[in-house]
Structures are given as C-alpha cells and as structure tokens.
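S.K.: Order-wise, the sequence lines are chains A and B. Per my numbering, residue 106 is the first one in the first sequence, and the count goes up by one each step. Per my numbering, residue 683 is the first one in the second sequence, and the count goes up by one each step. Note that beta-carbon positions come from the ideal geometry of N, C-alpha and C, so glycine has one too. Note that the structure is a prediction, hence the values are computed from the model and not measured.
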Amino acid sequence: MTARERIAGNVAGYVDDRTGAAKWMKKNLTKVFPDHWSFLLGEICLYSFIILLASGTFLTFWFDPSMKEVVYDGAYAPLQGVEMSAAYASALDISFEVRGGLLMRQIHHWAALIFMVGIVVHLLRVYFTGAFRKPREFNWIIGIGLLTLGIVEGFLGYSLPDDLLSGTGIRIAEAIIQAIPVVGSYLAFFAFGGAFPGEAFIPRIYTVHILLLPGIFLALITVHLMLVWYQKHTQFPGPGRTEKNVVGYPLMPVYMAKAGGFFFIVFGVTAFLGAVASINPIWLYGPYTPGQISAGSQPDWYMGWLDGLVRMAPPLETYFFGYTISWNILIPGLILPGIMFTLLALYPFIESWATGDKREHHLLDRPRNAPNRTAIGAMALTFTLVSLINGGNDIIATTFDLTINQMMWFSRIGVIVLPPIAFVVTKRICLSLQRADRELVLHGRETGRLVRLPHGEFVEIHEPISAEKAWTLTSHEQLAPLELPEFDEAGVRRPKALLNKVRNRISRANAVAVPKATETERKELEGHH
Amino acid sequence: MSNEIEAIKDPGLPAHVHRRADNDEKYARRAENQVAILFLLSALGTILLIVSYIFIPDDIFVFIPIMGEQNIHQLLLGLGMAIALFCIGAGLIHWAKTLMPDEEVIAERHEFRSDDEDRAEFVKTVKAGAGAAGLGRRPLIKRTLGLALGLSGLTPLLLLRDLGPLPKDELKKTSWKAGTRLVTDPGDRPIKASDLEVGAVAQTLPELPAGEHHRSLNDIAKDAVLLIRLRPEDFNLDDERLSWTHEGIIAFSKICSHMGCAVALYEQQTKHLLCPCHQSTFDVTRAAKVIFGPAARPLPQLAITVDEEGYLVAQAPFNEPVGPSFWERTS
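#1: Figure out for me which residue from Ala485(A), Gly482(A), Ala483(A) and Ile509(A) has the closest Cα to the Cα of Asn495(A).
#2: Between Asp542(A) and Leu578(A), what straight-line distance do the alpha-carbon atoms span, to the nearest angstrom?
#3: Please determine, among His214(A), Ile249(A) and Met513(A), the residue with the shortest C-alpha to C-alpha distance to Val231(A).
#4: Report yes or no: do three or more beta-carbon pairs, one from the segment 859 to 866 of chain B and one from the segment 992 to 999 of chain B, lie closer than 8 Å?
#5: Let me confirm a value: Ala194(A) is counted as buried when at least 16 other C-beta atoms fall within 10 Å, else exposed. Which label applies?
#6: For Ser684(B), which residues from the same chain have a beta carbon less than 8 Å from its beta carbon, with the 5 sequence-adjacent residues on both sides left out?
#7: Taking the alpha carbon of Ala300(A) as the reference point, which residue from Gly816(B), Gly942(B), Val883(B) and Leu912(B) has its own alpha carbon closest?
#8: Whether or not the segment 240 to 247 of chain A and the segment 371 to 383 of chain A are in contact is what I'm after, with contact meaning three or more pairs of Cβ atoms, one per stretch, closer than 8 Å; do they touch?
#9: Drop a sphere of 10 angstroms on the beta-carbon of Lys337(A), count the other beta-carbons inside from all chains shown, and report buried for 16 or more, exposed for fewer.
#10: Can you give me the Cβ contacts of Gly1005(B) inside the same chain, cut-off strictly under 8 Å, excluding the 5 residues immediately before and after it?
#11: Determine, for Ala418(A), whether the minimum Cβ-Cβ distance to residues of chain B falls below 8 Å.
#12: Do the CB positions of Leu251(A) and Trp388(A) come within less than 8 Å of each other?
#13: Just confirm the distance between the C-beta atoms of Ile219(A) and Thr375(A), as a whole number of angstroms; I'd bet it's less than 8 Å.
#14: Can you check whether the C-beta of Leu984(B) is within less than 8 Å of a C-beta belonging to chain A?
#15: Strictly below 8 Å CB to CB, what residues from chain A border Gln961(B)?
#16: Rounded to the nearest angstrom, how far is the Cβ of Gly345(A) from that of Gly694(B), given a contact under 8 Å?
#17: Would you mind telling me which residues of chain B sit closer than 8 Å to Lys337(A), beta carbon to beta carbon, in chain order?
#18: Beta-carbon of Gln397(A) versus every beta-carbon of chain B: anything under 8 Å?
#19: Quick one: is Glu889(B) buried, meaning 16 or more other Cβ sit within 10 Å of its Cβ, or exposed?
#20: Can you check which of these residues, Asn609(A), Arg533(A) and Val381(A), is closest to Pro747(B) by C-alpha distance?
#21: In this structure, what does DSSP give as the bridge partners for Gln885(B)?
#22: Find the residues of chain A that neighbour Val972(B), judging by a C-beta separation of less than 7 Å, and give them in chain order.
#23: Distance check for Phe563(A) and Arg554(A), CA to CA, integer angstroms please.
#24: What are the start and end residues of the beta strand (DSSP E) that includes Phe662(B)?
#25: Helix, strand or coil: which one does DSSP assign to Gln94(A)?
#26: Closest Cβ-Cβ distance between Ser580(A) and chain B: below 8 Å?
#27: Please classify Gly427(A) as buried or exposed, where buried requires at least 16 neighbouring CB atoms within 10 angstroms.
#28: Does any C-beta atom of chain A lie closer than 8 Å to the C-beta of Glu688(B)?
#29: Helix, strand or coil: which one does DSSP assign to Thr963(B)?
#30: Could you give the first and the last residue of the continuous beta strand (DSSP E) run that contains Met189(A)?
#31: Let me know the secondary structure DSSP gives Ala996(B) once reduced to three states.
#32: Whole beta strand (DSSP E) runs in the segment 819 to 892 of chain B with 3 or more residues, listed along the chain?
#33: Hey, how far is the Cα of Leu1022(B) from the Cα of Tyr390(A)?
#34: Quick check: the Cα distance between Tyr360(A) and Val116(A), rounded to an integer number of angstroms?
#35: In this structure, how does DSSP classify Arg608(A) when only helix, strand and coil are distinguished?
#36: Under DSSP, the beta strand (DSSP E) around Ile212(A) begins and ends at which residues?
What follows is the structure, given as structure tokens:
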C-alpha cells in the first residue's frame, strides 16, 4: 500500500465512522448512466444555474437596489449629470468602473438565456420521447414549475437595472396586474407600494430575484435530481436494452469526468459569449421615465410569446354597471398562459387516461412511434412560435419591408389556423417514417448499385440491415385501442357511457400505426427472392 | 410449425469494440499528450486573464470588425476566462473518451412499487397512528384545529396589508387642473401656440406649482401629454372635441390606454400615433380613435386653450382616467 492510498483510506474511514456513507457510496459510485447527446440538455440547465448563482452573487456586491434619485457622475460621459435611480447608476458603475463587471453582467444575462433555452429544449426532449410517463410524472410537474419560475425570474432579473427598456416591461406587468377583475388595482398598489412606478418596486423584486426564487429553484432542482438518481435515467431502445435494465457508463470515473468536463465547457462558452457578444447595453437606453420609450421595445425571448399574444389580441373591453373588464389584456396575459401551463403540467395524466396505459416506462419512444403525441407537441409548438414571431412583429416588419398590419393579421389568423395544420402534417410525417422503417427492415438498405440482369431487367441491390438495427426499429410496442363498454350486459347505457365513448375515440386515434415488420414477413420475403 | 407471427428478436448488447488507445500504447500516449496540452492551454487562459486584469487599462476601446468598438480590458478578461474554463472541460472529456474504460455496463432496474405486504403494513400503520391520535373519534378537536389553522393562515395576508396604500381615486386623477399651463419636457418652459409649426409634436407636462422644482416619476406616469399641431381643417371632430383644441393644436394623454407605455411615435403623413409596445394605432384627426392594435379605448384628450398671456393652458382636468384600464373604471 502506498502512502497516498493509506491517507485516502484514512480519510474515507474517518468520514464513514461518522456517517456510514461507505455502503451508499460503494453502490452509487458505480451507478450506471445511459449515454445520449439529448441527455445533456438537462445538464446545461443545471450548469447555467450554477453560473447564474456565481455571477449573480458577484453582481450583488456592487448593485444598489434602490429607486432613490441620484445625479450620475460616473465614468460614462453621455449620461453625466442626468437624474436617475441609484439602481441604474450602480448598474452603470458595474459596467464601466468595476473591472470585469461588464463581463460578469453579460455572463449573467447570457447564462439566463441559456438556462431558459436549456429548459425549453430539455422539456421538448422529455415530451417527444415520452420520458414523462409513469413513474416520472412528479419530475415532469417539477420541471414545468421550474420553467414557469424561470420565466418570472428572468423577467425580474432584467427589470432590476431600471433602464428605459426594463421600466417599460415593468409598466406592462403593472397593467396586467391592474387588469385583474375586482382586486386588480389593489394588488397593483400593494405590489408597487402605491401608484406606478413608486419607489418600492425595485428593492422588492430584488429580494424576490436574489433570495426567494433562487431558494425555491435550489429546492426544486435538488428534488428533480434526486428523483432522476433514484428512478434511474430512461434510455433509448436498442439491442440489449429493456424496461428492466439500464445500459451505460458507471458514474466513477467516466460519467464524473464527462459531466464535470461538460460543466466547464458550458461555463467556457458562456464566458466567451459574455466576452464577445454584447447583451442588454443598458447605457444606450437611458434611465427609466414613464413619459419616454424607445422604438422596437422587445422583451427577452422567453417572454416574447406572451408579448406576441398581447400584441395580437383583439381590442375588447366590457363595461357594465360602472366596471371595466379588459379582455384585451386578460385573455393573452393571464387566461391563455394559464390554460397552456395547466395543460402542459397535466399532459402525462391526460395521455395515460386516453391510452389506459398505467405501466412503468423506462424505454423512450422514438417520436415517430407516438404520432399523436408528436403531432400534439408540434401543434403546441406552432402556436407558441407564431406568438413568438408576433412578439417581434415591429422588428420583422421593418426588417422585411412589411407593414405592421400584415404581420399582425398573419399572426391573428396563423395562431388559429396553423396549429391544426401542424398536427395533421406531423402525424402524416410520423406515419410515413414508420412506413419507411418497415421498408428498411423488410427490404434492407438501398445501396445505389444498379445491376442489369441477364434478361435485361435493371434492379437495385438492397443490403439487409443488421440484426441490431432491425431490433431498434421494431422493438416498440403498438398498443391496441381501448374498448370501453358503453352498455352493460343488460344492454343499458352505463353512467360513464359518453366518457367511455370519448376515450375509445381518442385511443383509436392514438393507436393508428403502420404495422411493424415481423420476422415472419422477413422470412417470407427471403423465400420469395 | 405454428402459424404464429414471429417478432424480430433482440440480438443483445453488441460486442464491445476496442479503441486504438486500448490496444496500442502509442495511441494511448498520444491521447495523454492531447489532454495535457488542453490543460496547459487552460493555464495559459488564466494567465491571460491575470495579465489583462493587472496591466491593461480599462478605458481603451478598439474597433474590431463585426463586433464594433470593444473595451479591450473586458474582452481579454473574458477571452482568458473562456479559454481557461473551456479547455479544462475539453481536456476532461477527451480524457474520459480516450483513456477511461468505455465498456458499457448493464445494471438492473427494480420496480418502485413496494410489495403488497409492505403496502398493507403501511396502511395499517397510518390507521393505527391516526387511531391512536383519535382524530376520527374526537370531532371537536378536528374542527377546532381546522378553524385555528385556517384563521392563522390569514396572518401573513394581514401582515402584508401595509405593502401599499389603497388605490382610492389615485388612478382616476392627474395633476391637470383648469388653467394649468402646459410646459415643455424637458425644459419646463411654457408654450405659446406660435411656438408650434403645423405638423409639429411636443411632449409636455403640467407646470409645477411655484416654489416646487422636483417632479416625481409617479406624476409623469399620469401627466405626460402630447401636443400635436394640425391644420384646423384636418380635424374630423364633433363640436365639443373641436372646442377642446386651440388653433389646430390638440392634446392627448401620452400614456397608452392599453398598457401604459408612452405613445411616442407620430407619423406626420398619416397623422397616426403609434405605441411602440403593442402597436396600437390612434388617429389624431378623429380624437385618437383606435384604428389598429389591441388598445380598446382612444387616448384621453385634454381640453386646452390659452391664458391672457397667450400661453397654452388646460381648460379643465382630463374628463376620464388616463392609462391602462382597471376594474373601477366606469367606461
């Protein structure tokens, strides 16, 4: 035994004597993680969260979350002598007088954008591969919670510098609160400590941004990861992979090195962006004042779809008995997002209700093998994308020489018409891909080699695919549709008849599939040639 | 032979393919060197960061194509940091992929469901526990506890009451009164009708009472008014609204009736006002009627006239609340 091994043994022994950790560590250090590039998406979120904590802590050392008015006398000449809030002045100081301050601000902002992109793409991966199915519903809901809080946290974050652009964003948020029926103006006055903008808002959202929400994030992320750990990661179908096993690399050393290395890569890329790509140049916007605005006001991208919905809303307000309801704000600002996030959170339960499938799933679906789910996803994505596009309608209109009216009408019509089209098209594409898989298994790969037969016929040589590939393409399950009874044995309509009819209908649509190739068919074809 | 359809079978985990570095020490040595070079590059990155932090002044700007004017201090600091971090990551991953074992391992999964016996035990324990507490047998305790917990939930709500004052009529009134002069923003100079050419726009605020010099943002958020001068014959207004104008000068609240942004874009040709936030468009000639976008109401119009010295003043306060809608608005 070398001296080094002896020391390591002593340290481990010391810890184990006090915690009994050896047993747990022994088992978990060799825990197996399946490998796939798309499993890195969640990791990107985790790492950018850590970057956000680190860079955010740095920023708090200089940021002054106060709306007290000061006269700026710092290093940025164009704004010297201008009245502004202490928050804005300190954000300028961070950008111009703290060495590395601008870099940290930009890293913080870029990390926030990457965090949100990561969450959304990770969510799409989980959705389209069916990773949310039993037993992972809790983690899906936690994930939706993190997405929602991420949007709020990001908005509060870019509101803090109190520049003209972010103040405009707060103004819009205030208008949404104010539009809530009955209690709206009270809620707005409580949130802002009086009339807009007041002097209370920045310090309040600062507490929420740096303490309350990060605390909740930390708790939710911990539970999210513990569940992944405990339930073991899902894996894509393939040779040797079943519902009962997990195939991959052990945590120590391979996965540790890869995951640890990936953290540094994410941090490095974020630092690179912070160094070379200017983001949110607040000094160009000037301090916030409610009487001014800059043209082309845009929220960060993850708020863009909300803003797009608000922009395309029809000008509807109802007045009755001396009260006002602003549908033009409530529908796009609160009701639609509420419905969207609720449906998103409930999706695993809706799907299992529709298919009647209550079993555990650890093998992922290839999106084409769940055409209905994939098509619903494409539909939701199209809706959000049209909204997002409309969130930049002014920029798009000026860039592509369109009128704002054309953009707005495109979105108003598109947001209703395009999602159903996306559904149908996606479902067709999925079924076609299934058909292509079937072809591939039965007839093999096209080699591109044309051969002329003795009697003059030209044929293309097909090469059989490997047994592994054939298995990967056919190992998925094809569920039969539900047949829930509408009538009982005596021929009387059951109390749940209508509900059962609906479920049967949905599950029939769900079960539409191209029959997968079988060994029997393969052999028959072989005999044929 | 049966007629049953035979599915394609799982061939099992494919045989492991060894990497070159597994079999040949030469390749392993090369991989080791590559990893070492990456780590050395990282060290150089940190040195670049330290050198730039100490020796490069933070006020030198250099023009770099595509990126524009760049502060060299920030740029090099960031690049040093990026290189240092990225290369550590790249080195670790390269090491894992070339030199660490790459044989796939199979681990078994276990169903999460506890066995029936445990479940039954669990239910029994819960029942026994609840029974021991006697919650079911003593409804008085259950109900009073419910009451106490419910009421104590009001405490945080109550304590948050002082977050802000009640709105009262704060949302409904502005600083404009009959006779208040319109002054320029910025500058606080009173305005004569002759100061505005036809087609001109001016941002104005109410004149501060004598002796006051400070204007709060809360006031600006409600008081901001836009003056626009057209030819009187361009207006398409009823008699009352026409009497609110003065020699072709018309005044509107600058705070959007949709969500409160500043309606700052005026198009001289079409005489339209556009809000840059959500593109609500208002027709100035028709008392800021909404002709496009999500706003549901025209911008409130301020009745103006001139005082004896010829300066523009408000005839009367706004006749409706300015800014975005709220529940207590009456129309």
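M.R.: Reading it off the structure:
#1: Position 390 of the first sequence holds residue 495(A). Of the candidates Ala485(A), Gly482(A), Ala483(A) and Ile509(A), the one whose C-alpha sits nearest the C-alpha of Asn495(A) is Ile509(A).
#2: One-based indexing of the first sequence puts residue 542(A) at position 437. One-based indexing of the first sequence puts residue 578(A) at position 473. C-alpha separation (whole angstroms): 6 Å.
#3: Counted from its first residue, the first sequence places residue 231(A) at position 126. The shortest C-alpha separation from Val231(A) is found at Ile249(A).
#4: As far as the Cβ criterion goes, the segment 859 to 866 of chain B touches the segment 992 to 999 of chain B, which means the pair count is three or higher.
#5: Within the first sequence, residue 194(A) is the residue found at index 89, counting from 1. Buried, by the Cβ-count rule.
#6: Reading the second sequence from its first residue, position 2 is the one you call residue 684(B). Its pLDDT being 49, under 50, Ser684(B) is placed unreliably by the model, and nothing is read from it.
#7: Start at 1 with the first residue of the first sequence, and residue 300(A) comes out as number 195. In this structure, Gly942(B) is the residue among Gly816(B), Gly942(B), Val883(B) and Leu912(B) with its C-alpha nearest to the C-alpha of Ala300(A).
#8: Under the Cβ criterion (8 Å, minimum of three pairs), the segment 371 to 383 of chain A does not count as touching the segment 240 to 247 of chain A.
#9: For the purposes of this step, residue 337(A) is taken as residue 232 along the first sequence, with counting starting at 1. It is buried - the Cβ of Lys337(A) has at least 16 other Cβ atoms within 10 Å.
#10: Here residue 1005(B) corresponds to residue number 323 of the second sequence, with the count starting at 1. In the same chain as Gly1005(B), and ignoring 5 residues on each side of it, the C-beta atoms closer than 8 Å to its own belong to Leu853, Ala903, Lys904, Ser935, Ile937, Cys938, Ser939 and Gly942, in chain order.
#11: Counting from 1 along the first sequence, the entry for residue 418(A) is found at position 313. Any Cβ of chain B closer than 8 Å to the Cβ of Ala418(A) would place that residue at the interface, and such an atom is present.
#12: Residue mapping note: residue 251(A) aligns to position 146 of the first sequence, counting from 1. Residue mapping note: residue 388(A) aligns to position 283 of the first sequence, counting from 1. Going by beta carbons, Leu251(A) and Trp388(A) fall outside the 8 Å limit.
#13: The residue given as residue 219(A) occupies position 114 in the first sequence. The residue given as residue 375(A) occupies position 270 in the first sequence. Right, the Cβ-Cβ distance comes to about 6 Å (below 8 Å), so this counts as a contact.
#14: In the second sequence, counting from the first residue as 1, residue 984(B) sits at position 302. It does not; no Cβ of chain A falls within 8 Å.
#15: As a first step, residue 961(B) is located in the second sequence; it is residue number 279 there, counting from the start. Within chain A, the residues whose beta carbon sits less than 8 Å from that of Gln961(B) are Arg416, Asn498, Asp499, Ile509 and Met513, listed in sequence order.
#16: Translated into positions along the first sequence, residue 345(A) becomes position 240. Translated into positions along the second sequence, residue 694(B) becomes position 12. Indeed they touch by this definition, with Cβ atoms about 5 Å apart.
#17: As a first step, residue 337(A) is located in the first sequence; it is residue number 232 there, counting from the start. Within 8 Å Cβ-Cβ: Ala789 and Arg791.
#18: If you number the first sequence from 1, residue 397(A) lands on position 292. At least one chain B Cβ lies under 8 Å of Gln397(A).
#19: Counting from 1 along the second sequence, the entry for residue 889(B) is found at position 207. Of the residues assessed, Glu889(B) falls on the buried side of the cut-off, its CB having 16 or more other CB atoms within 10 angstroms.
#20: Walking along the second sequence from the start, residue 747(B) turns up at place 65. Nearest to Pro747(B) by C-alpha distance, out of Asn609(A), Arg533(A) and Val381(A), is Val381(A).
#21: The residue you call residue 885(B) lines up with position 203 of the second sequence. Under DSSP, Gln885(B) takes part in a beta bridge, and its partners are Leu908(B).
#22: Against the second sequence, residue 972(B) aligns to sequence position 290. Those are Pro420, listed as they occur along chain A.
#23: For the purposes of this step, residue 554(A) is taken as the residue at position 449 of the first sequence. For the purposes of this step, residue 563(A) is taken as the residue at position 458 of the first sequence. The straight-line gap from Cα to Cα measures roughly 10 Å.
#24: Absent from the structure is residue 662(B), since the part of chain B shown begins at 683 and ends at 1013.
#25: Since the first and last residues shown for chain A are 106 and 634, residue 94(A) lies out of range.
#26: Mapped onto the first sequence, residue 580(A) falls at position 475. Yes, contact with chain B.
#27: Looking up residue 427(A) in the first sequence gives position 322. Exposure of Gly427(A) is indicated by the presence of fewer than 16 other C-beta atoms within 10 angstroms of its C-beta.
#28: As a first step, residue 688(B) is located in the second sequence; it is residue number 6 there, counting from the start. Glu688(B) counts as touching chain A.
#29: Position 281 of the second sequence, counted from the first residue, corresponds to residue 963(B). The answer is strand: DSSP assigns Thr963(B) an E or B state.
#30: Here residue 189(A) corresponds to residue number 84 of the first sequence, with the count starting at 1. In the DSSP annotation of this structure, the continuous segment of the beta strand (DSSP E) that includes Met189(A) starts and ends at Glu188 to Ser190.
#31: One-based indexing of the second sequence puts residue 996(B) at position 314. Residue state for Ala996(B) is assigned as strand, using DSSP reduced to three classes.
#32: Secondary structure remark: continuous beta strand (DSSP E) runs of at least 3 residues inside the segment 819 to 892 of chain B, in chain order: 864 to 866 and 883 to 888.
#33: Examination of residue 1022(B) is not possible in this model, given that chain B is present from 683 through 1013 alone.
#34: Along the first sequence, one-based indexing puts residue 360(A) at 255. Along the first sequence, one-based indexing puts residue 116(A) at 11. Those two C-alpha atoms are separated by around 23 Å.
#35: The residue you call residue 608(A) lines up with position 503 of the first sequence. DSSP places Arg608(A) in helix when its eight states are reduced to three.
#36: Here the question's residue 212(A) lines up with position 107 in the first sequence. First-last for Ile212(A): Gly206 to Phe233, but that is the alpha helix (DSSP H), not the beta strand (DSSP E).
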